[in-house]
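Participant: Note that our numbering numbers the sequence shown so that position 25 is 17, with each residue one more than the last.
By construction, the Cβ of each residue, glycine as well, lies at the ideal position given by its N, Cα and C atoms.
Computed from a predicted structure; not experimentally measured.
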Amino acid sequence: MESEIHKGVNPNHMTTRFYELNRTAAKYVALQVKLLKEHKKAFQQCIE
């Protein structure tokens, strides 16, 4: 009985972990894109 419960709990835990990792990755990517845009803007100002 106990092993059955654990089987049910583990995949859910893994899924939650997976979503948390995805959210963290999304934040990181958004930050990189923002930085890239700011660099691009600064670079264009240097050219002008």
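Could you pull out every residue in the same chain whose Cβ sits closer than 8 Å to the Cβ of Met(-7), ignoring the five residues on either side in sequence?
Facilitator: Caution is warranted here: a pLDDT of 47 is assigned to Met(-7), below 50, making its placement in the model unreliable, and the coordinate value is therefore given only provisionally. So no residue of the chain qualifies.
Participant: Could you confirm whether any beta carbon from chain C is found closer than 7 Å to the beta carbon of Lys26?
Facilitator: Absent from the structure: chain C. Only one protein chain is present.
Participant: Rounded to whole angstroms, what's the CA-CA distance from Gln36 to Glu30? Just pull it up for me.
Facilitator: Cα-Cα distance, rounded: 10 Å.
Participant: Which of the three DSSP states is assigned to Glu40 in this structure?
Facilitator: Coil at Glu40, not helix or strand.
Participant: Can you give me the C-alpha to C-alpha distance between Lys19 and Thr7, rounded to a whole angstrom?
Facilitator: For Lys19 and Thr7, the distance between alpha carbons rounds to 18 Å.
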